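Taking my numbering as reference, the numbering of the sequence shown is continuous, increasing by one, and the terminal residue is 132. Yeah, the Cβ is synthetic: ideal placement off N, Cα and C, and Gly gets one too. Every value quoted in this text rests on a predicted model; they were computed, and no experiment measured them. Since the structure comes first, as structure tokens, the remarks are kept for the end.
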Amino acid sequence: MPITPLERKGHFTSETVGAAAAYEAFKAFENNEAHSRGIDGKVTHKESKRIIVGLAEGRVVKLVEEKRLPFTSESEKVKFIKSAQKHAAADAKRAVRESGLYANHELDPLDSDEKLAARIM
């Protein structure tokens, strides 16, 4: 696959990559009904957040590799991925909270990532 010149690529920020990764992670989580397959039936909200954050963080790396984003150095790439993973984690946690999969009494208290995502929205 030929490498697209930098001036023809769309502008990707860590926030957009993180949001895309969180969206894809939530869709995978929802489509596989992972939230309803716990040992005793339904997976807890806390476990769901852990699962979806792992999916989202992995998806960030995959998106960066698939899109062949241009970086000036390996350290720049690592810094971008870490930032995108932070945004993906916050967005993914917010998606689980707002999805309606859990009743209010089943939700864990807001953590710092969810508070950050709520302020952004």
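- Per the coordinates, the alpha-carbon of Lys93 lies some 13 Å from the alpha-carbon of Thr27.
- Inter-segment contact for the segment 79-97 and the segment 36-46 is absent: fewer than three beta-carbon pairs are separated by less than 8 Å.
- With a contact defined as Cβ atoms closer than 8 Å, Asp119 and Lys57 qualify at about 5 Å.
- Boundaries of the alpha helix (DSSP H) harbouring Thr27: Ser25 to Asn42, taken from the DSSP string.
- With a 10 Å radius around the Cβ and a threshold of 16 neighbouring Cβ atoms, Ala114 comes out exposed.
- In the DSSP assignment, Ala95 falls within the unbroken alpha helix (DSSP H) covering Glu85 to Glu109.
- Out of Ala103, Gly111 and Gly52, the CA that lies nearest to the CA of Lys126 is found in Ala103.
- Inclusion of Ala95 and Ala32 in the CB contact set at 8 Å is warranted, their separation being smaller than that value.
- Across the structure, Lys73 and Thr55 are spaced so that their CA atoms are roughly 27 Å apart.
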